[in-house]
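If you count the sequence shown from 1, position 194 lands on 193 in numbering that gives the first Met the number 0, and the numbers rise without skipping. For glycine and all other residues, C-beta sits at the position ideal for the given N, C-alpha and C.
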Amino acid sequence: MITGYSVSALILAYFCGSIPTAVWIGQAFYGVDVREYGSGNAGATNTFRVLGKKAGIPVMLIDILKGWTATSLAYFIGVSTTGGPHSNYISYQLALGIAAVMGHLFPVFAGFRGGKGIATLFGMVLAVNLDAALFCVSVFIVVLLLTRYAYLLGVTFFFNKYTNNLVVIFGMLICLLILVTHQKNIERLLKGKESRVNLFKKKNSLPASSDSKPA
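Listed below in structure tokens is the structure:
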């Protein structure tokens, strides 16, 4: 049921996701707009590439918090959880999480030029299902350490401990969304031209501008 509370929560979730963490931290502490370098995206992965781990880690954590906070707004729109989460409650969670991810992709506070939503999406999964989140982060860490390709977390399926067709469909849509937003990355990966993320290397200089490097 659509109520004033649910509409307000969706708007708030979008604004929460719209906080351009990478842009604000890059500009405030480094005088750099990360969208002008590396892949040209305002996300945690590109922040790691452009500014290193001292900037990348807080950007990643805040972006995760954005997704978790927005999704958790479901508690405040009058949805009963007696006897465990039910379909309506999970529906609210998914809707709010999607609103936050869309805010990250198209942030109103940064000219609608955002990131690819992986960290915010993970925050959403964390709020909906802790087991799925732990599985995703485990795969992410293994893949990152072995290949240094951070965005490959996106190919992980969204597992759910509840039998809920809506979540299954949502999990499939997640995979589709990641494939679409990472199309150019995947093309470069297949060609062996995709840049890697090195969490342990100190950044000495900025990489090439996004104007001279594929986005």
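Check whether the Cβ atoms of residue i and residue j sit closer than 8 Å, and answer yes or no.
{"i": "T20", "j": "G66", "result": "no"}
{"i": "G228", "j": "C15", "result": "The structure shown has nothing for residue 228, since the chain only spans 0 to 214."}
{"i": "T70", "j": "A126", "result": "yes"}
{"i": "V22", "j": "G37", "result": "no"}
{"i": "V107", "j": "S17", "result": "yes"}
{"i": "V100", "j": "G116", "result": "yes"}
{"i": "A54", "j": "I97", "result": "no"}
{"i": "F121", "j": "I63", "result": "yes"}
What does the alpha-carbon distance come out to for the pair residue i and residue j?
{"i": "M123", "j": "K190", "result": "32 Å"}
{"i": "G3", "j": "P57", "result": "34 Å"}
{"i": "V141", "j": "L95", "result": "29 Å"}
{"i": "R112", "j": "T44", "result": "15 Å"}
{"i": "S5", "j": "Y74", "result": "11 Å"}
{"i": "E35", "j": "Q92", "result": "34 Å"}
{"i": "I10", "j": "L72", "result": "11 Å"}
{"i": "G110", "j": "Y29", "result": "20 Å"}
{"i": "G39", "j": "L172", "result": "24 Å"}
{"i": "L129", "j": "Y13", "result": "22 Å"}
{"i": "L176", "j": "F105", "result": "14 Å"}
{"i": "A8", "j": "N87", "result": "15 Å"}
{"i": "A41", "j": "V179", "result": "17 Å"}
Near residue i, what residues of its chain come up, given a Cβ to Cβ distance below 8 Å and the 5 sequence neighbours on each side ignored?
{"i": "Q26", "result": "D32"}
Please go through the same chain and pick out, in chain order, the residues whose beta-carbon is closer than 7 Å to the beta-carbon of residue i, but skip the five residues on each side of it.
{"i": "M59", "result": "A43 and A118"}
{"i": "T68", "result": "C15"}
Helix or strand or just coil, what does DSSP make of residue i?
{"i": "F111", "result": "coil"}
{"i": "T119", "result": "helix"}
{"i": "L5", "result": "First, the amino acid is wrong: residue 5 is Ser here, not Leu. Three-state DSSP puts S5 in a helix."}
{"i": "F156", "result": "Model confidence at F156 stands at a pLDDT of 45, short of 50, so the residue's coordinates are unreliable; what they give is reported in the following sentence. Coil at F156, not helix or strand."}
{"i": "I18", "result": "coil"}
{"i": "L151", "result": "Here L151 scores only 48 on pLDDT, less than 50, and its place in the model should not be relied on; the value that follows carries that caveat. Of the three classes helix, strand and coil, the one that applies to L151 here is helix, per DSSP."}
Against chain B, does residue i count as a neighbour if the rule is that its beta carbon must be under 8 Å from one of theirs?
{"i": "I63", "result": "In summary, chain B is missing from the structure at hand, where a single protein chain is found."}
Open item on the list: Restricting to runs no shorter than 4 residues, where is the alpha helix (DSSP H) found entirely within the stretch 20-108?
Closed with: 20-29, 43-50, 52-71 and 86-104
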